[in-house]
Each structure stands twice: as structure tokens, then as C-alpha cells.
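The structure under discussion appears below in the form of C-alpha cells.
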Amino acid sequence: MAIGTGTALLGGSLISGLMGGRSAKKAAKVQAQAATQAADRLESAAREGATAQQNAYTNAGQLASDALGQSGNTLTNASNAALQQQLTGASGARDAALAGVNGAQAAYQTAGQQMLDQNQAVYDGQSALYNPYIQSGTNALNALNYELGLGAAPDGYSGYSATPGFQFALDSANRAIEGSASARGGLFSGATMQALSDNTVGMAQQDYGNFLDRLTGQSNVGYGASGQMANALAGFGTSNNAVYDYLGQANANAATQTGNINAGYAENVGNLGAQNALDIGNIGSNVLLGQADAMGQAGVNSANALANGLNTAAQAGAAGITGAANANSAGIIGANNSWQNALEGITGGIGIINGQLAGQNKLAQKPASGTSATTTTTSTPFWRF
1 MAIGTGTALL GGSLISGLMG GRSAKKAAKV QAQAATQAAD RLESAAREGA TAQQNAYTNA
61 GQLASDALGQ SGNTLTNASN AALQQQLTGA SGARDAALAG VNGAQAAYQT AGQQMLDQNQ
121 AVYDGQSALY NPYIQSGTNA LNALNYELGL GAAPDGYSGY SATPGFQFAL DSANRAIEGS
181 ASARGGLFSG ATMQALSDNT VGMAQQDYGN FLDRLTGQSN VGYGASGQMA NALAGFGTSN
241 NAVYDYLGQA NANAATQTGN INAGYAENVG NLGAQNALDI GNIGSNVLLG QADAMGQAGV
301 NSANALANGL NTAAQAGAAG ITGAANANSA GIIGANNSWQ NALEGITGGI GIINGQLAGQ
361 NKLAQKPASG TSATTTTTST PFWRF
């Protein structure tokens with residue numbers, strides 16, 4: 001009975017060790033696979049998360065860059081619009097200034113023309129005053145030249161004998177001769193005719209010198225009127241020259257002011273254009289710097305996200321490997337423990353069997369009652385460790 005118990009204990013321990021080792025290895029394999037799968041999923045999730053973060057940072061950087069570009073376009077358009085307004089204002093100011101200059105010049109021209117008209121009116125009045133004397137003096141001079149044999153007779157001039165004064169005096173004297181002759185009864189006598197002839201010659205000789213003096217005096221009157229007219233003409237020219245100088249100076253001032261206004265306008269336009277170009281250049285530089293910064297920051301963030309994802313994936317992979325290794329180690333340890341327990345059971349079973357065999361040997365060696373033993377027999381144990 002005792003040997004059977006030891007044998008059962010021995011067999012049970014062996015079976016228990018075999019089954020426990022297999023179960024431990026199987027459980028370790030399942031745990032290792034689970035750890036590996038979990039690590040794979042975590043690694044995949046980490047990589048996908050890193051890729052998603054990369055895309056998000058890249059998209060955010062691109063959006064920021066696009067926004068900066070749009071902002072740059074808006075600022076550029078605003079700068080150009082402001083430039084157009086400034087140019088319009090500058091053009092309006094220039095036109096207003098030119099209108100003022102042109103208005104002043106027109107006023108000067110009007111005033112100058114009025115002065116010229118006034119000078120002309122004065123000259124015309126003087127001409128109307130002196131021209132009759134000049135014409136009369138000219139006619140007297142021409143008649144005097146004719147009488148002196150120095151020129152042709154003026155138009156309508158028939159000589160001294162045809163002058164109204166000579167004819168009046170001659171007629172008066174002849175009437176007196178005729179009246180005297182008629183009173184004596186010899187109106188048509190030869191003496192009367194001779195008297196009339198002598199009277200004509202005598203009167204012509206007597207008054208001709210006076211007539212020449214009168215022509216000379218009248219020509220002197222014309223000469224004096226001509227001098228006055230020459231003075232009037234000189235004054236007219238001087239006055240007009242002063243007016244023309246006044247108008248010329250006004251035109252020169254207007255031209256200078258116009259040139260200064262246009263030059264100032266051109267300089268202002270140039271400065272506005274240069275400032276606008278500088279502003280647009282600064283806007284472009286700031287936009288480019290901002291875009292570069294946005295894309296650079298997006299690249300840094302993307303790289304960090306990738307690095308973090310890869311690090312997490314590596315940690316997940318390492319954790320999976322470690323978990324699988326730990327599971328395998330635990331399985332091996334569990335299997336060893338099972339076999340250790342089995343060996344202890346086997347050892348215990350063998351001990352029981354050996355004890356039973358030893359007891360049986362002792363019983364076999366005990367002598368019967370009244371008989372002395374002559375020999376000693378020793379049994380060999382079932383198993384000895």
C-alpha cells in the first residue's frame with residue numbers, strides 16, 4: 001500500500017511538472033504575442049499621430065504664409081491707393097496754383113492792355129489836335145517852295161494871284177478905280193484900263209513879300225505842331241514801353257512761378273513714388289520674412305512632431321520587446337518552477353518508496369520466536385539521491 005502511494009505521488013508530480021511547464025510556456029507565448037501586438041499598435045499610432053501632426057504643422061505654416069501673402073497684397077494695394085490719392089491731391093494743388101498764376105497773369109494783361117488803350121487814346125487826342133496845324137504848315141511850306149521855285153505846286157494851289165486875299169484886295173482897288181473913272185465919264189477908256197493893269201501889278205508887288213512871310217509863318221506853325229506831335233509820339237512810345245516792360249516782367253514772373261510750381265510738383269511726385277516704392281519693398285520684405293519664419297517654424301514643429309512620434313514609436317517597440325522578453329522569461333521561470341515542484345514531488349515519492357522498502361527489509365530480517373538468526377540480509381533502496 002505504501003509503495004503504491006509513493007508511486008502515485010511520483011507519477012502525479014511528473015505529470016504536474018510536464019503540464020505546468022507547457023502551460024507556463026503557452027501563457028508566456030500568449031503574453032509575448034499580446035505585448036508585441038500592443039507595441040505594434042502603439043508604434044503605428046505614434047507614427048500616424050506624428051504624420052498627422054506633421055501635416056497639421058505644415059498646413060498651418062502654409063496657411064500662415066498664404067495669409068501673410070494676402071496681407072502683403074492688401075497692404076500693397078492700400079499703399080498704391082494712397083499714392084493715387086496723394087498724386088491726385090498734388091495734381092489738384094498744382095492746378096490750383098497754376099490757375100492762380102494764370103489768373104494773375106490775365107489780370108496783368110488786362111491792366112496792361114487798358115494802359116495801352118489809354119496811351120493810344122491820349123496819343124489819338126494829341127494827333128487830332130496837332131494834325132490840322134501840321135497839315136496846314138505842310139501845305140504852306142509846299143506853297144512857299146513853289147513860290148521860291150523849289151518844288152512843284154501843291155495840289156489845288158494856283159499861286160499867289162489866285163489866293164483869296166489877293167483877289168479881294170485887287171477887286172476892292174479895281175472897284176475904286178472904276179468908280180472914279182465912272183464919275184469922270186471914262187469908265188472904259190484906255191487910261192482906266194491902264195490904271196487897272198498898273199493896280200494889279202502894283203498890288204502884286206506890294207503884297208507878295210507879305211504873302212511869303214505869311215506862308216513862312218504858317219509853315220512855322222506846322223513845324224511847331226510837328227515838334228509837339230513828335231514829343232507826344234515820344235511820350236506815347238515811352239509810356240507804351242513802360243507798359244510792355246510791366247507786361248514782360250509779369251509774364252516772366254508768371255513763367256518763373258509756373259516753372260517752380262511744375263518743378264515742385266514733379267519733385268513731390270517723385271518723392272511720393274519713391275516713398276511708395278520703399279513702402280512696398282518693406283511690405284514685401286516683411287511678408288517674405290514672415291513667410292519664411294512661418295514655414296521655418298512649421299518645419300521645426302513638424303520635425304519635432306516626427307521626432308516625438310518616432311521616439312514614442314521606438315519606446316513602444318522597445319516596450320513590446322521588453323514585454324515579450326519578460327513574458328518569455330516569466331514562462332521559462334514558471335516552467336522551471338513547475339519542474340522544480342515536480343522534482344520535489346518525485347523526490348518525495350521516491351523517499352516514500354524507499355522508506356517502505358526499508359521497512360519491509362527490517363521485517364524480513366527479524367527471527368522467529370525461539371530461533372536465532374544466523375545471517376543478515378540488507379535490501380537495496382528503490383532510489384537513492
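Each residue of the sequence shown is one higher than the one before, counting from 1 in full-length UniProt numbering. Don't be surprised by glycine CBs; every beta carbon is placed ideally from N, CA and C. Keep in mind the model is a prediction, meaning the values are calculated, not measured.
Can you name, in chain order, every residue of its own chain whose Cβ lies under 7 Å from the Cβ of residue i, other than the five neighbours on each side?
i	result
ILE291	Sequence inspection shows Gln at residue 291; the Ile mentioned does not correspond to that position. Same-chain partners within the cutoff: SER65, LEU68 and GLY69.
TYR223	GLY137
MET295	GLY61 and SER65
ASN139	PRO154
ALA263	none
Give me, in chain order, the residues of the same chain whose beta-carbon lies closer than 8 Å to that of residue i; leave out the 5 immediate sequence neighbours on both sides.
i	result
GLY273	LEU83
VAL101	ALA254, GLN257, THR258 and ILE261
GLY159	TYR146, GLU147 and ALA153
LEU343	SER13 and GLY17
If you draw a straight line from the C-alpha of residue i to the C-alpha of residue j, how long is it?
i	j	result
ALA106	ALA234	28 Å
GLY156	TYR208	19 Å
ASP293	ASN286	10 Å
ALA96	ILE280	30 Å
ASN251	ALA104	10 Å
ASN240	LEU116	6 Å
ALA307	SER71	33 Å
ASN276	SER79	7 Å
LEU278	THR88	20 Å
GLN365	TRP339	38 Å
SER302	ASN73	28 Å
LEU150	ALA143	9 Å
MET19	ALA27	12 Å
GLY323	GLN54	30 Å
GLU43	ALA34	14 Å
TYR123	LEU98	37 Å
ALA81	TYR244	48 Å
GLY355	ALA330	37 Å
GLN113	GLN249	14 Å
ALA52	LEU289	26 Å
PHE385	ASN337	Residue placement at PHE385 cannot be trusted, given a pLDDT of 47 that sits under 50; the coordinates are not used to answer.
ALA225	ASN210	22 Å
ALA121	ARG214	34 Å
ILE15	GLY359	28 Å
ARG332	VAL300	A quick correction: the sequence has Ile, not Arg, at residue 332. C-alpha separation (whole angstroms): 47 Å.
GLN218	GLY227	14 Å
Under 8 Å, do residue i and residue j count as touching if we go by C-beta distance?
i	j	result
ALA39	ALA314	no
ILE346	SER23	no
ASN341	GLY17	yes
GLY61	GLN297	yes
ALA46	ALA305	no
ILE283	THR76	yes
VAL269	ALA93	no
LYS25	ALA335	yes
GLY320	THR36	yes
ALA242	GLN126	no
So which of the options has the shortest CA-CA distance to residue i?
i	options	result
LEU212	LEU141, GLY331 and GLN126	LEU141
ASN220	LYS362, SER136, TYR246 and PRO154	SER136
LEU111	GLY21, SER302 and TYR246	Checking the displayed sequence, the identity of residue 111 turns out to be Ala instead of Leu. Answer by Cα proximity: TYR246.
PHE236	ASN337, ASN119 and ALA255	ASN119
TYR265	LEU75, ALA32, GLN86 and ASN131	GLN86
THR312	ALA35, ASN139 and GLU48	GLU48
LEU129	MET229, THR163, SER91 and GLY334	MET229
ARG41	ASN336, ALA318 and ILE332	ALA318
Using C-beta distances below 6 Å, list every residue in its chain close to residue i, excluding the 5 sequence neighbours before and after it, in chain order.
i	result
GLN31	ALA327
TYR133	VAL221, GLY222 and ALA225
GLY21	ALA335, SER338 and TRP339
Mind checking whether the beta-carbon of residue i lies closer than 7 Å to any heavy atom of the ligand FAD?
i	result
ALA327	This structure simply doesn't include the ligand FAD, nor any ligand for that matter.
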